[in-house]
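Colleague: Residue numbers (the working numbering), protein chains in the order written: chain A, -19 to 220; chain B, 18 to 278. Note that the Cβ used here is the ideal one computed from N, Cα and C, for glycine as well. Predicted, not measured: the structure shown is a model, and the values here were computed from it.
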């Protein structure tokens, strides 16, 4: 679905964020992009979304650029608007008819477990619920590709686990392609099918790990085994 | 209980001060052309009620017109600045110069240029200049305070610059703009009064002119009555804008939400 070939990105202040970054992601995959903070994983995600342009290499999408949903580390909601209006934003920006947009946004909110909270304002919601609104907003546009930038990093462990399971369910139900940026080995070992391990800045891919099946819960032997494999790869990436 | 105290305590102070004032004026037999007693001021107010209200209407008209002009011009300028960094760099210094130059110093020029036959327009322009800057400063800061990620999200969904402005930047700017408007409301009144003072008697008909005229005639009680009216007007403008702020922000902005809930 997406292919990065020798992609480089240098910022205006001279920081070389990425150098010679190459990877491919197939349709329907759940891929984690794992690396230490500051390694350029968020930059890579913004390049995928087209919010930034690469200054070396090329990014190609097979079958044209897909509809993209983006979830940030912070919920990034409009505080002056209720949950429904927030979830409807992508459709409003595309001038979708109001009835249609409302129906889509309501369905998206229901799917993330926020039925009954349509008219709550962000400040009336807990951190986890705000993140759910943010995910509903990404789903409202019915994306093919869902990009998440450390979406659960600011949440407590209990909420993080529940939201992780919800994300897996949404991915299975919709046949989405998910690119999940994280610095958590345990999160990537449980959620994703494949883990791309990045080096410290300037970020390159140091390891491409396909995870075995059977990771049905966070503590199954297969999940623990995957954590060892990912940790080893991350250790080598840090030393490289 | 808290609300009752909010009103009762200042009212108690007012009663004490007015009582003491009334007593002191009578006790030391202070001449009425130096300090009239509260009862004399009240009588002057009643005697000149119609003419004072006409003056109030005149000053209030200039104030309200200037306030709206400043709000529209200030917001429009801030929007123009937010769309073009070049525009902001070029013209912001001039907005600051306009702000720091004492308006009393440029008021005579404006009166001459606009002409005394359009005295109300001249007064309005002077008051607008005084009220303009807090609107511009508030709206500019507010428009710049929009969440970058939210704007990126807009770009991701193909939002036009107009949509970003309307759906993201302007709502973000609203609390800052309202705060600027609260300052500007008081300043518009001050600007109108200063403009009337500069215009002098015989041309203007507002409350400031009544103060000058009453002073010249040593009608100090009428002067006090006009002064009180000005103060009450200022408080009323502030209260009206605070109410508007609360109505617009009560659902979502921290400043309008009480913390005990």
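#1: Quick test of your reading: residue 178 of chain B and residue 100 of chain B, contact by CB under 8 Å. State the CB separation rounded to the nearest angstrom.
#2: I need the straight-line Cα distance from residue 43 of chain B to residue 103 of chain A, nearest angstrom please.
#3: Three Cβ pairs or more, each shorter than 8 Å: is that satisfied between the region 63 to 80 of chain A and the region 114 to 125 of chain A?
#4: In chain order, what residues of the region 43 to 65 of chain B put their CB closer than 9 Å to some CB of chain A?
#5: Counting only beta-carbon separations shorter than 8 Å, does residue 173 of chain B have a partner in chain A?
#6: At what residues does the alpha helix (DSSP H) containing residue -9 of chain A begin and finish?
#7: Would you tell me roughly how many angstroms separate the C-alpha atoms of residue 179 of chain A and residue -6 of chain A, rounded to the nearest one?
#8: Alpha carbon to alpha carbon, how far is residue 129 of chain A from residue 144 of chain A?
#9: Restricting to runs no shorter than 3 residues, where is the beta strand (DSSP E) found entirely within the region 61 to 119 of chain A?
#10: Rounded to whole angstroms, what is the Cα-Cα separation between residue 167 of chain A and residue 137 of chain A?
#11: Quick one: what does DSSP say residue 146 of chain A is sitting in, helix, strand or coil?
#12: Can residue 175 of chain A and residue 186 of chain A be called in contact, C-beta distance under 8 Å?
#13: Whose Cβ in chain B lies nearer than 7 Å to the Cβ of residue 130 of chain A?
#14: Taking beta-carbon pairs under 9 Å, can you tell me which members of the region 55 to 70 of chain A lie near chain B?
#15: Quick one: does residue -10 of chain A have its CB under 8 Å from some CB of chain B?
#16: Excluding the 5 residues flanking residue 277 of chain B on each side, which residues of the same chain have their C-beta closer than 6 Å to its C-beta?
#17: Less than 8 Å between the C-beta atoms of residue 238 of chain B and residue 61 of chain B, yes or no?
#18: Measuring only between beta-carbons, confirm whether residue -17 of chain A sits less than 8 Å from chain B.
#19: Residue 52 of chain A touches chain B at which residues, Cβ-Cβ below 7 Å?
#20: With H, G and I counted as helix, E and B as strand and the rest as coil, what does DSSP make of residue 193 of chain A?
#21: So, is residue 21 of chain A buried or exposed, given that buried needs 16 or more other C-beta atoms within 10 angstroms?
#22: For the region 24 to 41 of chain A, which residues have a CB atom closer than 9 Å to at least one CB atom of chain B, in sequence order?
#23: What does a CB cutoff of less than 8 Å around residue -14 of chain A pick up in its chain, not counting 5 residues either side in sequence?
#24: Strictly under 8 Å for the Cβ-Cβ distance: is residue -7 of chain A near chain B by that measure?
#25: Just verifying my parser: in three-state terms, what is the DSSP assignment at residue 114 of chain B?
#26: What is the DSSP secondary structure of residue 33 of chain A, reduced to helix, strand or coil?
#27: What runs of the alpha helix (DSSP H), each 4 residues or longer, lie entirely inside the region 168 to 213 of chain B?
#28: Against chain B, with Cβ distances strictly below 8 Å, would residue 119 of chain A count as a contact?
#29: Looking at C-alpha atoms only, which residue of B/245, B/203, B/151 is the closest neighbour of residue 254 of chain B?
#30: In its own chain, which residues sit with a C-beta less than 8 Å from the C-beta of residue 22 of chain B, not counting the 5 before and 5 after it?
#31: Return yes when the Cβ of residue 23 of chain A is within less than 8 Å of the Cβ of residue 45 of chain A, no when it is not.
#32: Please report how far the alpha carbon of residue 113 of chain A lies from the alpha carbon of residue 147 of chain A, in whole angstroms.
#33: Rounded to whole angstroms, what is the Cα-Cα separation between residue 227 of chain B and residue 153 of chain B?
#34: Do you know offhand how far residue 200 of chain A's Cα is from residue 194 of chain A's?
#35: Would you list the one or two residues that DSSP bridges to residue 178 of chain A?
Modeller: On the basis of the supplied data:
#1: 7 Å
#2: 59 Å
#3: yes
#4: Answer in chain order: no residues at all.
#5: By this cut-off, residue 173 of chain B is an interface position.
#6: Element bounds for residue -9 of chain A: n/a, residue is neither H nor E.
#7: When rounded, the distance between both Cα atoms is 19 Å.
#8: 13 Å
#9: none
#10: 11 Å
#11: helix
#12: no
#13: Going along chain B, no residue has its Cβ under 7 Å from residue 130 of chain A, so there is no contact; the nearest lies around 12 Å.
#14: 56, 57, 58, 59, 60, 61, 62, 69, 70
#15: no
#16: Here residue 277 of chain B scores only 47 on pLDDT, less than 50, and its place in the model should not be relied on; the value that follows carries that caveat. Listed in chain order, the non-local C-beta contacts of residue 277 of chain B below 6 Å within the same chain number zero, local neighbours out to five positions each way being set aside.
#17: yes
#18: Any Cβ of chain B closer than 8 Å to the Cβ of residue -17 of chain A would place that residue at the interface, and such an atom is absent.
#19: 166
#20: In the structure shown, the three-state DSSP call for residue 193 of chain A is coil.
#21: buried
#22: 26, 29, 30, 31: these are the residues of the region 24 to 41 of chain A whose beta carbon lies less than 9 Å from some beta carbon of chain B, given in chain order.
#23: 0, 1, 2, 36, 37, 38
#24: no
#25: helix
#26: coil
#27: 178 to 181
#28: no
#29: B/203
#30: Close CB contacts of residue 22 of chain B within its chain, under the 8 Å cut and outside five residues either way in sequence, are absent.
#31: no
#32: Roughly 13 Å separates the two Cα atoms.
#33: 32 Å
#34: 8 Å
#35: Its beta-bridge partners are A/185.
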